[in-house]
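>
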Amino acid sequence: MKAARGAGFSWGLAEEAGFAVQWLQARGLPAVQSLAEYLSWCDSDARQLRPVQQAFKPESSAIAPFCPITLGASLADHGPQGLSQLPAAIQLCQPLLIAPFIAAACDTAQQLQWYNTTSNQLCTLTVKGPDAQLQTAIGALTCNLAECSLQACAAPKKSQCYSRIEKDQAHHMATLNDFAARTYAPATEASRMAGAGAGLNDND
Numbered sequence: 480m481k482a483a484r485g486a487g488f489s490w491g492l493a494e495e496a497g498f499a500v501q502w503l504q505a506r507g508l509p510a511v512q513s514l515a516e517y518l519s520w521c522d523s524d525a526r527q528l529r530p531v532q533q534a535f536k537p538e539s540s541a542i543a544p545f546c547p548i549t550l551g552a553s554l555a556d557h558g559p560q561g562l563s564q565l566p567a568a569i570q571l572c573q574p575l576l577i578a579p580f581i582a583a584a585c586d587t588a589q590q591l592q593w594y595n596t597t598s599n600q601l602c603t604l605t606v607k608g609p610d611a612q613l614q615t616a617i618g619a620l621t622c623n624l625a626e627c628s629l630q631a632c633a634a635p636k637k638s639q640c641y642s643r644i645e646k647d648q649a650h651h652m653a654t655l656n657d658f659a660a661r662t663y664a665p666a667t668e669a670s671r672m673a674g675a676g677a678g679l680n681d682n683d
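The opening residue of the sequence shown carries number 480 in our numbering; numbering runs sequentially from there.
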């Protein structure tokens, strides 16, 4: 949540980002990596993302991608009606991050699919309902930009859940910590005199 806020999200959307990462990590999916790569991708250049309202206007000719957090939060608010209004194909950043919101938006099983051009793999993720039944995910799921499709499908079997961050994601956690540090106020003489930090007599 703090990392997303440090990257420029409002506190409300930052909380949504935290929810998405927790939801996905608890199911053994690389959400920490996905969010770290997404925030870095957006931060490295002034990326232009499409306004979320355009997702429900298929006639829009803009080709910029959508943010998975802002679009996902909107889908969760709109429910099944919002899902039905999406076009057949949609340009999306880090598609993995939108999966928890799709699960929250609809009680029927939905299959999210995209092609990862980096790994040359077709990725498939199936979710059902806010209790988050998850079918085995297929493919390299972290992808900064992809054209995605979403369609109803047969209900998936419930998967085994995990609640740990793999060791190889330590550097992605470090990236998130760097973004989170942007939310911290710099120390001032007044704050140190008031008791913040080690005070004015720092002789450790």
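Think of the CB as a built atom: it goes at the ideal place given N, C-alpha and C, for glycine as much as any other residue.
Three-state secondary structure (DSSP) at S513?
Counted from its first residue, the sequence shown places residue 513 at position 34. The answer is helix: DSSP assigns S513 an H, G or I state.
> Three or more C-beta pairs closer than 8 Å, one from the segment 581–589 and one from the segment 551–568: is that the case here?
yes
> So who's on the other strand from S628, going by DSSP bridges?
Within the sequence shown, the letter at position 149 stands for residue 628. For S628, which the question treats as bridged, DSSP gives the partners Q592.
> Here's a check: name, in chain order, each residue in its chain whose Cβ is nearer than 6 Å to the Cβ of F580, leaving out the five neighbours to either side.
Residue numbering aside, residue 580 sits at position 101 when the sequence shown is read from its first letter. The beta carbon of F580 sits closer than 6 Å to those of G551, L554 and A555, all from its chain and outside the five residues before and after it, given in chain order.
> If you draw a straight line from the alpha carbon of A664 to that of Q527, how long is it in whole angstroms?
On the sequence shown, position 185 is the one that residue 664 refers to. On the sequence shown, position 48 is the one that residue 527 refers to. The straight-line gap from Cα to Cα measures roughly 28 Å.
> What is the DSSP secondary structure of Q504, counted as helix, strand or coil?
Taking the first residue of the sequence shown as 1, we reach residue 504 at position 25. In this structure, Q504 counts as helix in the three-state DSSP scheme.
> Can the beta-carbon of C627 be found less than 8 Å from the beta-carbon of Q573?
Translated into the one-based positions of the sequence shown, residue 627 becomes position 148. Translated into the one-based positions of the sequence shown, residue 573 becomes position 94. For C627 and Q573, no; Cβs fall outside 8 Å.
> Among Q560, K536 and R529, which residue has its Cα nearest to the Cα of P547?
One-based indexing of the sequence shown puts residue 547 at position 68. Of the candidates Q560, K536 and R529, the one whose C-alpha sits nearest the C-alpha of P547 is R529.
> Below 7 Å, is the gap between the Cβ of K536 and the nearest heavy atom of the ligand COA?
The ligand COA is not part of this structure, which contains no ligands at all.
> Checking 8 Å against the spacing of the C-beta atoms, do A486 and C521 come in under that value?
Taking the sequence shown and counting its residues from 1, one reaches residue 486 at position 7. Taking the sequence shown and counting its residues from 1, one reaches residue 521 at position 42. Against a cut-off of 8 Å, the Cβ pair of C521 and A486 comes out as a contact.
> For the candidate residues P566, A505, S519 and Q504, whose alpha-carbon lies nearest to that of A482?
Here residue 482 is taken as the residue at index 3 of the sequence shown, counted from 1. Check the Cα spacing between A482 and each of P566, A505, S519 and Q504: the tightest is with S519.
> Taking only the alpha-carbon atoms, compute the straight-line gap between V500 and A510 and give it to the nearest angstrom.
For the purposes of this step, residue 500 is taken as the residue at position 21 of the sequence shown. For the purposes of this step, residue 510 is taken as the residue at position 31 of the sequence shown. Spanning the two alpha carbons is a distance of roughly 5 Å.
> On the criterion of 16 or more Cβ atoms from any shown chain inside 10 Å, does I542 qualify as buried, or is it exposed?
One-based indexing of the sequence shown puts residue 542 at position 63. The residue is exposed, with fewer than 16 neighbouring Cβ atoms inside 10 Å.
> Assuming contact is defined by CB atoms lying nearer than 8 Å, are T662 and S513 in contact in what I supplied?
As a first step, residue 662 must be located in the sequence shown, where it is residue number 183. As a first step, residue 513 must be located in the sequence shown, where it is residue number 34. No, these two residues do not count as a Cβ contact at 8 Å.
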